[in-house]
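Novice: Line by line, the protein sequences give chains A and B.
The numbering used here puts the first residue of the first sequence at 1, with every later residue one more than the last.
The numbering used here puts the first residue of the second sequence at 1001, with every later residue one more than the last.
Before anything else, here's the structure in question.
2 protein chains.
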Amino acid sequence: MSDLDSVLAAVDEGLPEALERLFGLLAIDSISTDTAYKDSCLRAANWLVDDLRSIGFDVQRHDTPGHPMVVAHQRSTTNSTAPHLLFYGHYDVQPVDPLELWDRPPFEHAIEETPNGKVIRARGAADDKGQLMTFVEACRAWKTVTGTLPSQISLFFEGEEESGSPSLIPFMNEHRDNLKADLALVCDTGMWDSETPTISTMLRGMVGEEITITGPSLDLHSGMYGGPAMNPIRVLNRILADLHDDNGRVTLPGFYDGVAPLPDDVSEQWASLNHDGKAFLEAVGLEHPAGESGYSVLEQIWSRPTCDVNGISGGYAGEGFKTVLPSKATAKVSFRLVGDQDPAAIQRAFYQHVHDRLPADCSVSFLAKDGSKATVMPVDAPAFKQTQKALTEEWQKDAVYAGCGGSIPVVGHIKEILGMDSLLVGFMLDDDAIHSPNEKYALKSFHKGIRSWVRILAALSEDSSRSQT
Amino acid sequence: MSDLDSVLAAVDEGLPEALERLFGLLAIDSISTDTAYKDSCLRAANWLVDDLRSIGFDVQRHDTPGHPMVVAHQRSTTNSTAPHLLFYGHYDVQPVDPLELWDRPPFEHAIEETPNGKVIRARGAADDKGQLMTFVEACRAWKTVTGTLPSQISLFFEGEEESGSPSLIPFMNEHRDNLKADLALVCDTGMWDSETPTISTMLRGMVGEEITITGPSLDLHSGMYGGPAMNPIRVLNRILADLHDDNGRVTLPGFYDGVAPLPDDVSEQWASLNHDGKAFLEAVGLEHPAGESGYSVLEQIWSRPTCDVNGISGGYAGEGFKTVLPSKATAKVSFRLVGDQDPAAIQRAFYQHVHDRLPADCSVSFLAKDGSKATVMPVDAPAFKQTQKALTEEWQKDAVYAGCGGSIPVVGHIKEILGMDSLLVGFMLDDDAIHSPNEKYALKSFHKGIRSWVRILAALSEDSSRSQT
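Take a look at the structure:
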């Protein structure tokens, strides 16, 4: 039996214990957006420190003004010419509200039978605790069976991914030497479908802004002041309604600068995926593509920029009615970017858009989320081919290159600060509900995810060239 | 000393005890909009039952599907030819959020010194507990000093005024005979300024709707679905932004049907009030009248209809950022009506406005608040003149007739169901913050409010004619 086969067998045999470890991590309510959960984030970081030490990693927890970073190294390897890999993941999770829509407590995991097989149900099961543990377990299996790893491996976990990663850039700048490797591996993406392994090669970037409009200096009675007193919700509605035209295009001047037509070869590969846009929308209760007319659903997600309001609030939102004319109204707005769109230019255009629609006696404040450019990967590099082959062997189905509508800002930072390309492999499925109630991760994703990484580690170490990408 | 003078003296002497009674009622957190406070509303009703019994009223609490009604009668009077008066008030209060903007717990009263004199600080101090107690205390003083009341008096208190009064119309229909009197007195209005006693003769009506837009059947990740998936916040923003044109006019077709120009005499009387629209807005941090261009601030409040969004919510509104594309978005919208505007027609026009802007795969649900027409009082009737004279004597300043931007739906119901006119006298001031944090009621309003009712009761009983209005 080859080393690879032995390690894969060990993964199969050790699955129950691997699941128990994952459940331990899922039980920690490490919600990074809310400072009330700061201790929970610390506990999740410490959990990782302990677990990685048990595999022989040299681990350090680095505290930040936000949540801690965990950095681990294992440099001893029998294959000193193999590339040094840096795996990135995040141990924080999305908030759980609206809590009443969960069928069970979000931090008490369950294995549930579904028509599509067994799933692990919990907040963070897919995003990103389940995914990051696929890689950790792959390392553990290699180490257990062979006593070493196929290549030098470093791990880098943050706890602020779901809250804009405020500490990430300063930390990466400060620890550049500590983090530098040959190739980054990022497991925060999904599969084309439950059978088809996938390497994500395009990521949308992001600009996020919280905008607060202040009108009157205090909440007013809408009978006593309604008419002459400007309502900040009315101002906010106008600002937000004007962000799209009737064809689903974003109206900010210059917004589409840097958005190139899709290259023909990419366009052809995507067409060969036979994506059923109608079924994709029907699965979430919709029928009509709401993005720019003239583009397929897949193109609207993978290759076109967007604007969405992710949250809005103002006035009385409780049960019943309150005839208030509020002092403030707030919205969280995000733009997804593609191609060469410039986050800073789009932020400026948005600010201008708001100021152009702001009555003289209202004021506005902005709270920016870190922006990031879109990413397009060098898919012709050897590491991409090796990974594609390893995934195809594991899943017995050709691995595909796909776009990704989401934003993974760290991929941009890894490129800019560490000068490294990233290889994005993940095992999430479209229906994992990763930012919604009842998040889940397929048990098959977890199990074959571990096996996939076992194979990828082997494949990447086969070529002794350092110029993997 | 005349009876009237003796009663007024008793009011002055008994003020500390009257305040203690008011504080007892203010301590009850009778928030009617939130079912969590149902027991508190019951306690407030029981408090009134007990207090009115102590004055010799024949009192009954009538339970409803919502909060209880309290009806009390005292028919024995030395003046059997005096008109039978029905006093209306409400013991429920507005919600207190945002709680963090209160300087003290909303249901722990305080007497505070301010540059404009002493104030009673608490939720409900003005709206409507303080006001209703001015009338109750006036009755108590008459009864204590003379052993009787100057006329037959009935009292009618509800506990749902701040939550759309769902039980009011059915109850009034069922208890028509029990509530019928010659003239209604309603103390839920304010004074022109802190020196000028005021009878409100015009009230805006109201149409209120809670509207919920549903897009996707579940909350989505804005990266994975942003573009093709319609965002219900975007739909809602468009619907709401289209409600006003650039001149502050409401755009619903037919909205201004029934809105007549202000009669010249009313226009002249209002002009003589020398209202400082600029100062009125500056007091709440605004500069520019936001209503229809071409109308003064006073006209925009008293004689022009409006539309306001009183609350909006959707997506993630907590700390930080969550890149959700929500399933639902909700707004509470209200229209203030004047003249002969028809609430049902405006509701229909609003529904049509929404449906016209609703994408085919989104749905909408409405939750209507009871509508009410605007009210214009018969100011030439004797009761208005008698009341004006009594108020002028108490305040040593001419009482004025004023409009009122707010809506008091019960006034319409009293007219339609009981066939009675209402006389609206109240002692609130513009800065009482009645639906806002730190609500207050001037101590002078409370004290001279009681004295005013003592005088009004005497004045209304002077004329033995039953055709008071």
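The beta-carbon is built from N, C-alpha and C at its ideal position, and this holds for glycine as well.
All of these numbers come straight from a predicted model, not from anything done at the bench.
What residues in its chain sit with their C-beta under 6 Å from that of A/PRO170, if we drop five residues either side in the sequence?
Specialist: Around A/PRO170: no qualifying Cβ.
Novice: Give a yes or no on whether 8 Å exceeds the smallest Cβ distance from A/SER334 to chain B.
Specialist: Yes, contact with chain B.
Novice: Return the CA-CA distance between B/ALA1138 and B/SER1313, expressed in angstroms with no decimal places.
Specialist: The alpha-carbon atoms of B/ALA1138 and B/SER1313 are separated by roughly 44 Å.
Novice: Would A/GLY190 and A/LYS369 qualify as a contact pair, given that the criterion is a beta-carbon distance under 8 Å?
Specialist: Going by C-beta atoms, A/GLY190 is not nearer than 8 Å to A/LYS369.
Novice: Since B/GLY1314 sits in a beta bridge, which residues does DSSP pair it with?
Specialist: In the DSSP output, where bridge partners are listed per residue, B/GLY1314 has A/ILE312 and B/ALA1329.
Novice: Only counting the same chain, and skipping five residues up and downstream in sequence, which positions put a Cβ closer than 6 Å to that of A/ARG61?
Specialist: Excluding sequence neighbours, A/ARG61 sits near ALA45, VAL49, PRO68 and VAL70.
Novice: Do three or more CB pairs link the stretch 1218-1232 of chain B to the stretch 1320-1333 of chain B at distances below 8 Å?
Specialist: Yes, the stretch 1218-1232 of chain B is in contact with the stretch 1320-1333 of chain B.
Novice: To the nearest angstrom, report how far apart B/ALA1082 and B/ARG1451 are at their CA atoms.
Specialist: Distance between the alpha carbons of B/ALA1082 and B/ARG1451 is about 20 Å.
Novice: Enumerated in chain order, which unbroken segments of the alpha helix (DSSP H) with a length of 4 residues or greater are wholly contained in the stretch 1259-1308 of chain B?
Specialist: Taking only runs of at least 4 residues, the alpha helix (DSSP H) segments lying wholly in the stretch 1259-1308 of chain B are 1264-1272, 1277-1282 and 1297-1302.
Novice: Taking only beta-carbon atoms, is B/GLN1074 less than 8 Å away from chain A?
Specialist: It does not: the Cβ of B/GLN1074 has no partner Cβ on chain A nearer than 8 Å.
Novice: Leaving out five residues before and five after B/LEU1240 in sequence, what residues of the same chain have Cβ atoms less than 8 Å from its Cβ?
Specialist: For B/LEU1240, where only same-chain residues beyond five positions count, the Cβ hits under 8 Å are VAL1309, ILE1312, ALA1331 and VAL1333.
Novice: Of all Cβ atoms in chain A, is any one closer than 8 Å to the Cβ of B/TYR1351?
Specialist: No, because no Cβ of chain A sits closer than 8 Å to the Cβ of B/TYR1351.
Novice: Answer with yes or no whether the minimum CB distance from B/GLU1158 to chain A is below 8 Å.
Specialist: Not an interface residue.
Novice: For the ligand FMN, any of its heavy atoms closer than 7 Å to the Cβ of B/SER1040?
Specialist: The model on display carries no ligand, and the ligand FMN is accordingly not part of it.
Novice: Taking all protein chains shown into account, do 16 or more other C-beta atoms lie within 10 angstroms of the C-beta of A/TYR441, making it buried, or fewer, making it exposed?
Specialist: A/TYR441 comes out buried.
Novice: Given a cut-off of 8 Å on the beta-carbon distance, is the pair A/LYS118 and A/LEU22 in contact?
Specialist: No, Cβ-Cβ distance for A/LYS118 and A/LEU22 is not below 8 Å.
Novice: Might you give, ordered along the chain, the residues of its own chain that have their beta carbon closer than 7 Å to the beta carbon of A/SER293, omitting 5 neighbours on each side?
Specialist: Same-chain partners within the cutoff: ASN247 and GLY248.
Novice: What residues from chain A crowd round B/HIS1288, counting only those whose CB sits closer than 9 Å?
Specialist: Ordered by position in chain A, the residues that pass the 9 Å Cβ test against B/HIS1288 are PRO228, MET230, PRO359, ALA360 and ASP361.
Novice: Any residues in the stretch 370-382 of chain A with a beta carbon nearer than 9 Å to a beta carbon of chain B? Which ones, in chain order?
Specialist: Per Cβ criterion, the list is empty.
Novice: When burial is assigned at 16 or more other CB atoms within 10 Å of the CB, is B/SER986 buried or exposed?
Specialist: With chain B covering 1001 to 1469 only, the question about residue 986 of chain B has no answer from this structure.
Novice: Quick check on the DSSP output: the alpha helix (DSSP H) that includes B/VAL1145 runs from which residue to which?
Specialist: Segment 1129-1146, the alpha helix (DSSP H) holding B/VAL1145.
Novice: Using the rule of at least 16 other Cβ atoms within 10 Å of the residue's Cβ for burial, across every protein chain shown, is B/ARG1455 buried or exposed?
Specialist: B/ARG1455 is buried by the Cβ-count criterion.
Novice: Using a Cβ-Cβ cut-off of 8 Å (strictly less than) and excluding sequence neighbours within five positions of A/ARG357, which residues of its own chain qualify?
Specialist: Hits under 8 Å: VAL235, ARG238, ILE239 and ASP242.
Novice: Below 8 Å on C-beta distance, what does B/SER1163 contact in chain A?
Specialist: Chain A residues near B/SER1163: GLY320 and PHE321.
Novice: Taking 8 Å as the threshold (C-beta atoms), are A/GLY339 and A/VAL425 in contact?
Specialist: Contact: no.
Novice: Would you list the one or two residues that DSSP bridges to B/CYS1404?
Specialist: Its beta-bridge partners are B/LEU1203.
Novice: For A/HIS275, would you say it is in contact with chain B, using Cβ-to-Cβ distances shorter than 8 Å as the test?
Specialist: No, because no Cβ of chain B sits closer than 8 Å to the Cβ of A/HIS275.
Novice: With burial defined as no fewer than 16 other Cβ atoms inside 10 Å of the residue's Cβ, what is the status of A/GLY147: buried or exposed?
Specialist: That one is exposed.
Novice: With a Cβ-Cβ cutoff of 8 Å, do A/GLU287 and B/ALA1027 count as a contact?
Specialist: No, Cβ-Cβ distance for A/GLU287 and B/ALA1027 is not below 8 Å.
Novice: With 8 Å as the threshold, decide whether the Cβ of B/HIS974 is near any Cβ in chain A.
Specialist: This structure leaves residue 974 of chain B out entirely; chain B is present only between 1001 and 1469.
Novice: Pairing CB atoms from the stretch 273-287 of chain A with CB atoms from the stretch 1268-1285 of chain B, are three or more of them under 8 Å?
Specialist: Output reads no: the stretch 1268-1285 of chain B does not touch the stretch 273-287 of chain A.
Novice: Check whether the Cβ atoms of B/THR1387 and B/LEU1423 sit closer than 8 Å, and answer yes or no.
Specialist: Yes, the pair counts as a contact, with Cβ atoms nearer than the cut-off.
Novice: Determine whether the Cβ of A/PRO88 lies closer than 8 Å to any Cβ atom of chain B.
Specialist: First, the amino acid is wrong: residue 88 of chain A is Tyr here, not Pro. No, A/TYR88 lies away from the interface with chain B (no Cβ there is under 8 Å from its Cβ).
Novice: Could you name each continuous beta strand (DSSP E) segment of 3 residues or more that falls completely within the stretch 1096-1123 of chain B, going from the start of the chain to the end?
Specialist: Those beta strand (DSSP E) runs which fall completely within the stretch 1096-1123 of chain B and span 3+ residues are 1110-1114 and 1117-1121.
Novice: Is A/ARG466 helix, strand or coil when you go by DSSP?
Specialist: A caution first: A/ARG466 carries a pLDDT of 42, below 50, which makes its placement in the model unreliable, though a value can still be read off. Note: A/ARG466 maps to coil in three-state DSSP.
Novice: Check each residue of the stretch 1413-1426 of chain B: if its Cβ is closer than 8 Å to any Cβ of chain A, include it; give the result in chain order.
Specialist: Correct list: empty, as no residue qualifies.
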